[in-house]
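K.L.:
Handing you a structure now.
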Amino acid sequence: MEEIKKQTIMHIDVNSAYLSWEAVFRLKIGETVDIREIPSVVGGNSATRHGIVLAKSIPAKKYGIITGETIHSALKKCRNLIIAPPNHDLYLSSGRSMMKILEEYSPFVERYSIDEAFLDYTHMDYHFGDPVTAAHKIKDRIKKELGFTVNIGISTNKVLAKMASDFSKPDQVHTLYPGEIKSKMWPLPVGDLFMVGKATATDFQKIGISTIGDLANYDIDVIRSKFRRNGVMVWEFANGIDDCVVSSEDYLKSKGVGNSTTIAFDVTERKIAHKVLLAIAETVCMRLRDQKSAAGVVSVEIKNKDFIKYSHQAKLCSNTDCTNEIFKTAKTLFDEAWKGEPIRHLGIRVSDLCDSNVYQKSLFDEKLHDRNKALDNTIDHLRRRYGTNSIVRACFIKSQIKPLIGRLN
DNA sequence: TCTGGGGTCCTAGGACCC
DNA sequence: TCTGGGGTCCTAGGACCC
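This is the structure in structure tokens:
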């Protein structure tokens, strides 16, 4: 009888990632206080309506501060809270440094998010020892060389490894092998299970499921009829079933690119909204060209002053990566969708991507298309060489709107 | 001096075709 | 003079993740 080869998967998760990385950076530039050791958060600015907590220190957590709450409310819980503004470039490079170390331990490392990765450790025992020993080595190396701590979860598949890394923090290695599911995972609240969010947890409560164990032992046919595919998936997770593989390729090519922003004031004029959309189109299209993709679908998202969200999308006749072309479509979509009420937030997202070298030039407007393309190339080149603000559209001069809105990487 | 921004995937419903 | 029914494509919205 053939022996079934068991996989060994690790999930590596940076503890309070943004805050840890901010702390390491501050120590490096000579600050004496480690913000991890005092009540502190990484968060935006309330004056520009970006005031929410993105990450918190452990001392801040002791005051009851939670991720996602407003800075205003966090300050009410702790008056001398330190607030560090977010620095996305720092987080990107910190995440990359960690990936480099991980890649020394396996050829199969999947970057799952800016601060999380899966590592396939199957057949690697010979090189670095048994999984627990290796995980400690990795964890301690990251701490020593990069200055921040991680949790590592170990199991036979991705979901169990991910659940394991979420056990007690920080700076810990945990296992959650199939034999440990009953004792370590089933007592947890069902909302702690990967892919069970607030809405599903509430629906589960209604039929008497409150722990992961309750879900695992529930009649699968009832789950299937009430919760469809997602229900079946989380039921399998609760029973430790997951056959996804660790894939190192996904992270770079995205299926869509989008940027959005909450504007510092409510927009009531169509012209101002168009200007914001242009500034967003600039970054979305630069990212699109950067990853050598062309978009087939453009979507505009509006959030009004009452936080009501709606969106409108359209398929293009032919794929494009041109700022002017995508902006033109976005403007039309906005005009069709906008109900005229004050706007808090605007976004553009493009999808249905194809390789920009492959796509067919539309036969109409070929000259215009070529001119736009040349313009985009020139602007991208100048911005790469001299900085993103080296060249700016004239309409943004003396405007309250920034000429480029949204992250570029 | 309330409530971010970047993603993926799924589903429901309508249009349209045979 | 009761209401077909697959299949596909498209859009809007919502759930979830970080």
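Those letters in the first sequence? Residues 39 to 447, per my numbering, in order. Positions of the beta carbon are idealized from the N, C-alpha and C atoms, including for glycine.
Asn53: buried (16+ other C-beta within 10 angstroms of its C-beta) or exposed?
P.N.:
The count along the first sequence starts at 1 and reaches residue 53 at position 15. That one is buried.
K.L.:
Measure the beta-carbon distance from Met201 to Leu184 and round it to whole angstroms, keeping in mind my assumption that it falls under 8 Å.
P.N.:
Within the first sequence, numbered from 1, the residue matching residue 201 stands at position 163. Within the first sequence, numbered from 1, the residue matching residue 184 stands at position 146. In fact, because the Cβ distance is near 25 Å, the residues do not count as touching under 8 Å.
K.L.:
Jot down the residue ranges of each uninterrupted alpha helix (DSSP H) in the stretch 315–389, minimum 4 residues, whole runs only, in chain order.
P.N.:
The qualifying runs are 361–375.
K.L.:
Measure from the alpha carbon of Thr306 to the alpha carbon of each residue in Asn342, Ala317, Ile180, Arg149, then state which is nearest.
P.N.:
What you label residue 306 is simply residue 268 of the first sequence in a count that begins at 1. Closest by alpha carbon: Asn342.
K.L.:
Where does Ser151 fall in DSSP's three states?
P.N.:
In the first sequence, the residue the question calls residue 151 occupies position 113. Strand, per DSSP.
K.L.:
Would you kindly work out how many angstroms separate the C-alpha atoms of Ser331 and Ala239, rounded to a whole number?
P.N.:
Position 293 of the first sequence, counted from the first residue, corresponds to residue 331. Position 201 of the first sequence, counted from the first residue, corresponds to residue 239. Rounded to whole angstroms, Ser331 to Ala239 spans 38 Å at the Cα level.
K.L.:
Note down the Cα distance separating Pro208 from Ala173, rounded to an integer number of angstroms.
P.N.:
As a position in the first sequence, residue 208 is number 170, starting the count at 1. As a position in the first sequence, residue 173 is number 135, starting the count at 1. Using only the alpha carbons, I get a separation of about 14 Å.
K.L.:
Let me confirm a value: Thr171 is counted as buried when at least 16 other C-beta atoms fall within 10 Å, else exposed. Which label applies?
P.N.:
For the purposes of this step, residue 171 is taken as the residue at position 133 of the first sequence. By the 10 Å Cβ count, Thr171 comes out exposed.
K.L.:
Can you list, in chain order, the residues of its chain whose CB lies under 6 Å from that of His212, leaving out five sequence neighbours each side?
P.N.:
The residue you call residue 212 lines up with position 174 of the first sequence. Closer than 6 Å at the Cβ level, and outside the excluded window around His212, lie Gly191, Ala202, Phe205.
K.L.:
Can you have a look at Cys360 and say buried or exposed, based on whether 16 or more other CB atoms are within 10 angstroms of its CB?
P.N.:
For the purposes of this step, residue 360 is identified with residue 322 of the first sequence, where counting begins at 1. Under this definition Cys360 is a buried residue.
K.L.:
Mind checking whether Lys220 and Asp280 have CB atoms under 8 Å apart?
P.N.:
Translated into positions along the first sequence, residue 220 becomes position 182. Translated into positions along the first sequence, residue 280 becomes position 242. Taking 8 Å as the Cβ cut-off, Lys220 and Asp280 do not qualify as a contacting pair.
K.L.:
Determine the extent of the beta strand (DSSP E) in which Asp304 is found, giving its start and end residues.
P.N.:
Translated into the one-based positions of the first sequence, residue 304 becomes position 266. Its beta strand (DSSP E) spans residues 294–305.
K.L.:
Which residues bound the beta strand (DSSP E) around Leu92?
P.N.:
Indexing the first sequence from 1 puts residue 92 at position 54. Element bounds for Leu92: 91–94.
K.L.:
Which partner residues of Gly81 appear in the DSSP bridge assignment?
P.N.:
Taking the first sequence and counting its residues from 1, one reaches residue 81 at position 43. Bridge partners of Gly81: Val91.
K.L.:
Mapping the DSSP letters down to three states, classify Ser58 as helix, strand or coil.
P.N.:
As a first step, residue 58 must be located in the first sequence, where it is residue number 20. In this structure, Ser58 counts as helix in the three-state DSSP scheme.
K.L.:
Among Leu157, Asn125, Pro124, Ile120, whose alpha-carbon lies nearest the alpha-carbon of Lys138?
P.N.:
Stepping through the first sequence from its first residue, residue 138 is reached at position 100. The candidate whose alpha carbon is nearest that of Lys138 is Leu157.
K.L.:
Should Asn297 go down as buried or exposed, given a rule of 16 or more other Cβ atoms within 10 Å for buried?
P.N.:
Counting from one through the first sequence, the residue named residue 297 turns up at place 259. Burial call: buried.
K.L.:
For the alpha helix (DSSP H) containing Gly251, name the first residue and the last one.
P.N.:
As a first step, residue 251 is located in the first sequence; it is residue number 213 there, counting from the start. Unbroken alpha helix (DSSP H) run through Gly251: 250–254.
K.L.:
Look at the alpha carbon of Gln210 and the alpha carbon of Asn189, and state the distance between them as a whole number of angstroms.
P.N.:
Position 172 of the first sequence, counted from the start, is the residue given in the question as residue 210. Position 151 of the first sequence, counted from the start, is the residue given in the question as residue 189. Their backbone Cα atoms lie some 5 Å apart in a straight line.
K.L.:
Whose CA, out of Leu316, Ser132, Asn447, Ile96, lies closest to the CA of Phe434?
P.N.:
Your numbering for residue 434 matches position 396 in the first sequence. Nearest of Leu316, Ser132, Asn447, Ile96 to Phe434, Cα basis: Leu316.
K.L.:
Taking only three categories from DSSP, how would you classify Phe469?
P.N.:
Here the chain comprises residues numbered 39 to 447, so residue 469 is not present and cannot be evaluated.
K.L.:
Report yes if the CB atom of Val80 is closer than 8 Å to the CB atom of Leu57, and no otherwise.
P.N.:
Reading the first sequence from its first residue, position 42 is the one you call residue 80. Reading the first sequence from its first residue, position 19 is the one you call residue 57. It is a contact, given that the beta carbons lie within the stated cut-off.
K.L.:
Can you name, in chain order, every residue of its own chain whose Cβ lies under 8 Å from the Cβ of Asp127, other than the five neighbours on each side?
P.N.:
Position 89 of the first sequence, counted from the first residue, corresponds to residue 127. Excluding sequence neighbours, Asp127 sits near Asn447.
K.L.:
Flag this pair as yes or no: are the beta carbons of Ser132 and Trp59 separated by less than 8 Å?
P.N.:
Taking the first residue of the first sequence as position 1, residue 132 is located at position 94. Taking the first residue of the first sequence as position 1, residue 59 is located at position 21. Contact flag set, yes.
K.L.:
Could you pull the DSSP bridge partners for Cys433 from this structure?
P.N.:
As a position in the first sequence, residue 433 is number 395, starting the count at 1. None, per the DSSP bridge assignment.
K.L.:
Give a yes or no on whether the C-beta atoms belonging to Phe166 and Tyr150 are separated by under 8 Å.
P.N.:
Locating residue 166 in the first sequence gives position 128, counting from the first residue. Locating residue 150 in the first sequence gives position 112, counting from the first residue. Cβ distance not < 8 Å, so Phe166 and Tyr150 don't count as in contact.
K.L.:
Compare the C-alpha of Asp393 against each of Thr321, Glu379, Gly294, Leu231 and name the closest.
P.N.:
Taking the first sequence and counting its residues from 1, the one referred to as residue 393 is at position 355. If we check each option's Cα against that of Asp393, Gly294 comes out closest.
K.L.:
Return the first residue and the last residue of the beta strand (DSSP E) that Ile121 is part of.
P.N.:
Residue numbering aside, residue 121 sits at position 83 when the first sequence is read from its first letter. Counting along the chain, the beta strand (DSSP E) containing Ile121 begins and ends at 120–122.
K.L.:
Closest to Asn118 by CA distance: which of Ile50, Tyr101, Pro124, Pro227 is it?
P.N.:
Position 80 of the first sequence, counted from the start, is the residue given in the question as residue 118. Among Ile50, Tyr101, Pro124, Pro227, the Cα nearest to that of Asn118 is on Tyr101.
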